[in-house]
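Notes for the one structure printed next.
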Amino acid sequence: MKDFFRRNGLLILIAAILLALVTAVVSMLLGGVANPFANVIGVITTPVRNGINAVTGWVEEKYTDAFELEQIKEENQELKRRVAELEAKEREYEEAIQENERLYNLLELTPKNRSFDKEAAMVTARSTSNWESTLTLSKGSGQGIAVDDCVVDEYWNLVGVVAEVGENWCTVRTLIDAGTQMGGQLVRTGGSAILEGELALMGEGKLKLTFLPENTQLISGDLVSTSGLGGVYPSGIVAGHVEEVRTDVSGMTDYAVIVPETDLSSLKQVFVIKDFDIVE
Amino acid sequence: MTRQDFFIKWGVYALALLPVWFCEVYLLNRYPLFGVAPMLLPLAAMAVAVLEGAVAGAGFGLGVGILCDAVYFNPDGAMTVGLCLLGVGAGVLAQYVVRQDLVGCLLCSLLALVCIDAVRILSRLLAGTGGLTAMLSLAGREIAWSMVFVFPVYALFLWVFRRVPKKTVL
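Those sequence lines, one after another, are chains A and B. Heads up: take any position in the first sequence, counting from 1, add 48, and you land on the numbering used here. Heads up: take any position in the second sequence, counting from 1, add 780, and you land on the numbering used here.
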């Protein structure tokens, strides 16, 4: 150890402590905006990430073409049948919408309005730690993305919330991450609850719904969307469906296990909601 | 060793770190096994500490720690100071207790991974986020899967170690 201290070991330790302090303080002060060093690394590695993403995407596509063709054919048939069903329903809805508009005009009510300012982005990297569930996207503050922006997939299912922003990249905390906490709403009953990530469920790709409304009978498959309470996140974005109801370790309260509607493991393109205007 | 030798030596170590970083951050996390991806960067720091000793271990650990805090989500500086201290510890262990070989590297890597996950578990327990059983299960799987990669990581840095000047003067 004498040798260690004689050969500048102590200086290295002091440098490490100082750098760690600077990292911690800068991260805390910037509140979600990437610290300068992380930003530089992120900016430099973005083209590399995009390249790797393109190559792995191509390989996965070829693998799917080669080994999963039959399954895709069956899925295609099923989807065609489903589209036909939905088209029939759409014709009915069209009539209902027109009737609704007439009634709004008759009663002089402000019609519901939902407008979103979206930014398309590619998923370029996945979690670098097993203790968090995150995605890195190809867009950042340069494209107007900010911390706490909601991220959805192409089917308008919730993916997560932007947690860290760099110049041309951002990190999204997915909805199953242990740090996720946001208002949820049961679509069938309208009851409000809290969508919460948990480490144990994160490994299974699920999250939980806590503070369930009293006297609510949940059914497996019940859809859960964002409640929009607080105004930070837009309402009505589908998060997932109820799988089962469990009792917590204290035995006092129940919570529902939620399976996300989005497939986090195969996401390629997502949309960041930069701004929204909702009139209910 | 001249100043030029010094820079060439650590430049080569930094280059050797690139494929390790690439595999951890861009490749292996896409295809997790048992729900976890391995941690490779701390293994690289331990391999160099075992081969080069405490001072070089501290310096390389510091560099790898800064890189970890830059690429991992939600940095708090813990990896910078943690890997530097673990580098010193591994270097001292390899110099005085265990041998500077693969077995020594396996032992130091295991201790380092246990320390890193112990800090993670303790910080989450103190913050009241996450159950102990779930965290222990995750840490166990993560350490076990990461330990498999000690062999290729050690082989890579041993290959570099045999080709760079031996005496480090800081």
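Just so it is clear, CB atoms sit at the ideal spot from N, CA and C, and this is done for glycine as well. Owing to the predicted nature of the structure, the values given are computational and were not obtained by experimental measurement.
For residue i, which three-state DSSP category applies?
i         : result
A:Gln-119 : helix
A:Ser-268 : coil
A:Gly-208 : strand
B:Ile-923 : helix
A:Thr-182 : strand
A:Ser-240 : strand
A:Ser-177 : coil
A:Tyr-203 : coil
A:Tyr-281 : coil
B:Val-949 : Low per-residue confidence applies at B:Val-949: pLDDT is 47, beneath 50, and the placement is therefore not dependable enough to give any value.
A:Met-300 : coil
A:Phe-85  : helix
B:Phe-787 : helix
A:Arg-129 : helix
A:Thr-104 : helix
Considering only the alpha carbon of each residue, which of the options lies closest to residue i?
i         : options                                       : result
A:Val-297 : B:Gly-911, B:Leu-916, B:Asp-849 and B:Lys-946 : B:Gly-911
B:Trp-801 : B:Cys-888, B:Pro-822, B:Asp-856 and B:Val-872 : B:Pro-822
B:Gly-857 : B:Leu-891, B:Leu-890, B:Arg-900 and B:Leu-893 : B:Arg-900
B:Phe-786 : B:Phe-840, B:Leu-886, B:Val-877 and B:Leu-891 : B:Phe-840
A:Pro-95  : A:Ile-267, A:Leu-185 and A:Ile-145            : A:Leu-185
A:Leu-223 : A:Ala-114, A:Gly-279 and A:Ser-273            : A:Ser-273
B:Cys-895 : B:Gly-867, B:Val-872, B:Gly-815 and B:Val-878 : B:Gly-867
B:Val-830 : B:Val-877, B:Gly-862 and B:Asn-809            : B:Val-877
A:Val-195 : A:Cys-218, A:Leu-255 and A:Glu-156            : A:Cys-218
A:Asn-101 : B:Leu-865, B:Val-944 and B:Arg-810            : B:Arg-810
B:Asp-897 : B:Leu-808, B:Met-819, B:Cys-803 and B:Val-805 : B:Met-819
B:Leu-891 : B:Met-927, B:Asp-881 and B:Arg-921            : B:Met-927
A:Leu-58  : B:Ala-838, B:Leu-807, B:Phe-937 and B:Arg-879 : B:Ala-838
Interface residues of chain B around residue i at Cβ under 8 Å?
i         : result
A:Ser-175 : Asn-809, Ala-817 and Phe-853
A:Thr-219 : Phe-853
Let me confirm a value: residue i is counted as buried when at least 16 other C-beta atoms fall within 10 Å, else exposed. Which label applies?
i         : result
B:Leu-905 : exposed
B:Lys-789 : buried
A:Asp-165 : exposed
B:Trp-939 : exposed
A:Pro-282 : buried
B:Phe-929 : buried
A:Leu-117 : exposed
A:Trp-179 : buried
A:Ile-62  : exposed
A:Gly-239 : buried
A:Ser-268 : exposed
B:Met-915 : buried
A:Leu-155 : exposed
B:Tyr-806 : buried
A:Leu-157 : exposed
Against residue i, what residues of chain A qualify as contacts under a CB-to-CB distance less than 8 Å, listed in chain order?
i         : result
B:Arg-900 : Trp-179
B:Leu-798 : Residues of chain A passing the Cβ test: none, with the nearest at roughly 10 Å.
B:Met-915 : Leu-247
B:Val-933 : Neighbours of B:Val-933 on chain A: none; closest Cβ ~17 Å, over 8 Å.
Taking C-beta pairs closer than 7 Å, name the residues in chain A that residue i reaches, listed in chain order.
i         : result
B:Ile-846 : Leu-67
B:Glu-922 : Asn-178
B:Cys-864 : Ile-60, Leu-61 and Ala-64
Going along chain A in order, which residues have a C-beta closer than 9 Å to the C-beta of residue i?
i         : result
B:Leu-906 : Under the 9 Å cutoff, chain A gives no residues; its nearest Cβ is about 15 Å from B:Leu-906.
B:Asp-856 : Ala-68, Thr-71, Ala-72, Ser-75 and Met-76
B:Val-894 : Ordered by position in chain A, no residue passes the 9 Å Cβ test against B:Val-894, which lies about 15 Å from the chain.
Residue i versus chain B: which residues are under 7 Å apart at the beta carbon?
i         : result
A:Asn-216 : Within chain B, no residue comes near A:Asn-216; the closest Cβ sits about 16 Å away, beyond 7 Å.
A:Ala-226 : Thr-909 and Gly-910
### Query
Any chance the region 145-160 of chain A sits against the region 318-325 of chain A, with 3 or more Cβ pairs inside 8 Å?
no
Within the chosen definition, does the region 284-301 of chain A reach the region 164-182 of chain A through at least 3 CB pairs nearer than 8 Å? no
Does the region 208-217 of chain A come close enough to the region 791-798 of chain B that 3 or more CB-CB pairs lie under 8 Å? no
Q | Cβ contact (3+ pairs, closer than 8 Å) linking the region 198-208 of chain A and the region 232-242 of chain A | A | no
- Okay, do the region 300-313 of chain A and the region 253-262 of chain A touch, 3+ Cβ pairs below 8 Å being the bar? yes
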